[in-house]
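Q: In the order they appear, the protein sequences are chains A and B.
Position 145 of the first sequence, counted from 1, bears residue number 145 in this note's numbering, the numbering being contiguous throughout.
Counting the second sequence from 1 gives a position; this note's numbering is that position plus 205.
Glycine is no exception: its CB is placed at the ideal position from the N, C-alpha and C atoms.
Pasting in a structure now, in structure tokens, and then I'll have a few things to ask.
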Amino acid sequence: MRSLSKIPRAALLAASILLSGAQAADQPKPLDEGRLDPAWFGPGIEFRTTSSIDYVWAKQGFSCKGMALRIEAWPEPVFTGKERRGRDAAQAFQLAEEMPMRLRNGLRQALQGHSEVVSDAGDMILSGRLVDYVAKGTMGTSQPQATWDMKITDAQTGELLVALHHRRLSSVSTVAERIDMWIEEFGKALREDLVIASKGKPAKN
Amino acid sequence: MTRMAKTLAIRLVVTGLLAMGVVLAAEGKKLDKGILDPAWFGPSVEFRTTEDIDYVWVKPGFSIKGHKLSIAPWGDPALLGEDRGPRDAAKASELTEVMPSRLRGALGNTLSGVAEVSKDDGDIELTGRLSDCDAGSKAAKVWVGLGAGHASATMDVKLTDKASGELLAAIHHRVVSVTNASEVDDKIAKWLEKLGQALHDDFAVAAKGKPAKK
Chain A
1 MRSLSKIPRA ALLAASILLS GAQAADQPKP LDEGRLDPAW FGPGIEFRTT
51 SSIDYVWAKQ GFSCKGMALR IEAWPEPVFT GKERRGRDAA QAFQLAEEMP
101 MRLRNGLRQA LQGHSEVVSD AGDMILSGRL VDYVAKGTMG TSQPQATWDM
151 KITDAQTGEL LVALHHRRLS SVSTVAERID MWIEEFGKAL REDLVIASKG
201 KPAKN
Chain B
206 MTRMAKTLAI RLVVTGLLAM GVVLAAEGKK LDKGILDPAW FGPSVEFRTT
256 EDIDYVWVKP GFSIKGHKLS IAPWGDPALL GEDRGPRDAA KASELTEVMP
306 SRLRGALGNT LSGVAEVSKD DGDIELTGRL SDCDAGSKAA KVWVGLGAGH
356 ASATMDVKLT DKASGELLAA IHHRVVSVTN ASEVDDKIAK WLEKLGQALH
406 DDFAVAAKGK PAKK
């Protein structure tokens, strides 16, 4: 029998490359180039892509009609994708502080007569975090943009009801203006019990 | 009074007036046209001018390495510039509110692996204030150009030892947004990144700077 040491090194190297390639192909690629971290939401989520929300999942039968929705404070941003610069982080931290107020104002308007938006208590909790931010003037990298995760949970049981991940690009208008426009769209989708989630395409890794 | 005594009296008065003029002129020359108020920082601060920070002073031997930096809320704006109005005051108030969170973001990023940045606790405290703010005019920027309608924000920032209150670093800087392509907020974010890089290097830029001239 030919000993292992007599097998040409090149053949061993080629075999190991093929093996690692096959293993890598088996492992699912992260969604949104790694910005979407499924661990933040919890298990059992199959995201779908739609025209107004990049990645969304809603529990079957979800509805917020007649419910009180509590908007929680956002934590400090966590950049899950590419490394960003100090100028990006400066504006991201500010936006994270402002997001709950923006959501409260925008959703209160959009959900009028459908659901209540509250600061305390509530039947459902909407929480979120910023996972990427590119400030205006960060030349040569990407367009100014903000990417965030949001989830809605049952206030009593903690059960996950809605999970979403979305990015908003901005060119002429400011990131904040674009976010306010998206919150309006999100409010409309909530009014329709996020039926868009079932109509979306399964998110591909 | 004799003629000689009169001449002497006149000479004395003239000399006195001249001396007073020299003193007043010296007092009139202030750093950054008076927008830099040394009293806010404390005594014994000898500012130096550098490329990235307009005026900076750092205590000899200062280092941020291994420390925890607590970013405190900013004090009320001072608006020491000329002809400031309600729009400028409103912009200054808006910036005052958001500066601590911006600083936490920018410094947390640039000091990563060197020092910690916190909202609540730390052994070194960073605080600041807006010493001037010009909200500018978007319309003038677009329709007139050539620097018309430019917006600016001038900031005082200091680092102190939280236990002793000793001043460790003092900074005075102005950012200006000249064209319609940028907002003063974008300029502040960019500068905070530079401030973070300078702090990362223990404000070595200060030693390389030139003494600030009045």
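#1: When burial is assigned at 16 or more other CB atoms within 10 Å of the CB, is R309(B) buried or exposed?
#2: For the beta strand (DSSP E) containing H405(B), list its first residue and its last residue.
#3: For C338(B), collect the residues of the same chain with a Cβ closer than 8 Å to its Cβ; drop the 5 residues on either side in sequence, then sort them by chain order.
#4: For a contact meaning CB atoms closer than 9 Å, what does G313(B) contact in chain A?
#5: Which residue comes first and which comes last in the alpha helix (DSSP H) that contains M99(A)?
#6: Can you tell me whether Q94(A) is buried or exposed? The criterion is at least 16 other CB atoms within 10 Å of its CB, across all chains shown.
#7: Alpha carbon to alpha carbon, how far is L103(A) from D366(B)?
#8: Can you check which of these residues, L107(A), R84(A), M99(A) and S170(A), is closest to G313(B) by C-alpha distance?
#9: How close, in whole Å, do the beta carbons of S127(A) and E72(A) come, if the pair is a contact with beta carbons under 8 Å?
#10: How big is the Cα-Cα spacing for A58(A) and A394(B)?
#11: Compute the beta-carbon to beta-carbon distance between A189(A) and I196(A), rounded to the nearest angstrom, for a pair I have assumed lies under 8 Å.
#12: Going by the DSSP bridge assignment, what does M181(A) pair with across the sheet?
#13: A89(A) to V131(A), Cα distance in whole Å?
#14: Does the Cβ-Cβ distance between I329(B) and L397(B) come in under 8 Å?
#15: Just to confirm before moving on: does the CB-CB distance between L69(A) and G122(A) stay below 8 Å?
#16: Answer yes or no: does any C-beta atom of chain A fall closer than 8 Å to that of S342(B)?
#17: Going by C-alpha distance, which of V261(B), G271(B) and E371(B) is nearest V322(B)?
#18: Can you grab the Cα-Cα spacing for the pair V380(B) / L36(A), in whole Å?
#19: With V261(B) and V383(B) assumed to form a contact (beta carbons below 8 Å), what rounded beta-carbon distance in angstroms separates them?
#20: Under 8 Å between C-beta atoms, does E97(A) make it to chain D?
#21: Does the beta-carbon distance from L316(B) to G401(B) come in below 8 Å?
#22: Using the beta-carbon count (16 or more within 10 Å), is G106(A) buried or exposed?
#23: Just confirm the distance between the C-beta atoms of F62(A) and A203(A), as a whole number of angstroms; I'd bet it's less than 8 Å.
#24: Using CA coordinates, which residue listed in M99(A), G66(A), G34(A) and H166(A) is at the minimum distance from I53(A)?
#25: I want to verify the contact list: residues of chain A whose CB lies under 9 Å from the CB of A375(B), in sequence order.
#26: If we require 4 or more residues per run, which alpha helix (DSSP H) segments fall completely within the region 313-378 of chain B?
#27: Excluding five sequence neighbours on each side, which residues of the same chain lie with their C-beta closer than 8 Å to the C-beta of G341(B)?
#28: So, is the C-beta of R309(B) closer than 8 Å to a C-beta in chain A?
#29: Determine the DSSP secondary structure at T301(B), reduced to helix, strand or coil.
#30: Out of curiosity, what's the CA-to-CA distance linking K151(A) and E251(B)?
#31: Would you call K363(B) buried or exposed, if buried means 16 or more other Cβ atoms sit within 10 Å of its Cβ?
#32: Could you run through the region 393-415 of chain B and flag, in chain order, every residue whose CB is less than 9 Å away from some CB of chain A?
#33: Confirm, please, whether the CB-CB distance from I258(B) to A375(B) is below 8 Å.
#34: Does chain B have any CB closer than 8 Å to the CB of R191(A)?
#35: Among the candidates V134(A), P75(A) and G44(A), whose CA atom is the shortest distance from the CA of K82(A)?
A: Quick look at the numbers:
#1: buried
#2: Premise fails: H405(B) lies in the alpha helix (DSSP H), V389 to H405, not in any beta strand (DSSP E).
#3: Around C338(B): P282, L284, G286, R289, D293, A294, K296, A297, L300, S357, A358 and T359.
#4: E76, G86, A89 and F93
#5: G86 to A110
#6: buried
#7: Going by the C-alpha atoms only, they are around 39 Å apart.
#8: R84(A)
#9: 4 Å
#10: 37 Å
#11: Going by Cβ atoms, the distance from A189(A) to I196(A) rounds to 5 Å, so yes, they are a contact pair.
#12: Paired residue(s): none; M181(A) is not in a bridge.
#13: 11 Å
#14: no
#15: yes
#16: no
#17: G271(B)
#18: 35 Å
#19: Not really, about 23 Å apart at Cβ, beyond 8 Å.
#20: Annotation note: the requested chain D is absent from the structure, which comprises protein chains A and B.
#21: yes
#22: buried
#23: Going by Cβ atoms, the distance from F62(A) to A203(A) rounds to 18 Å, so no, they are not a contact pair.
#24: H166(A)
#25: By Cβ distance, chain A contributes nothing, its closest Cβ being about 21 Å from A375(B), past 9 Å.
#26: The qualifying runs are 343-348.
#27: Result list for G341(B): G354, H355, A356, S357, S382 and V389, in chain order.
#28: yes
#29: helix
#30: 52 Å
#31: Buried, because 16 or more other Cβ atoms sit within 10 Å of the Cβ of K363(B).
#32: I393, A394, K395, W396, L397, E398, K399, L400, G401 and Q402
#33: no
#34: Not an interface residue.
#35: Residue nearest to K82(A) within the set V134(A), P75(A) and G44(A) is V134(A) (criterion: CA-CA distance).
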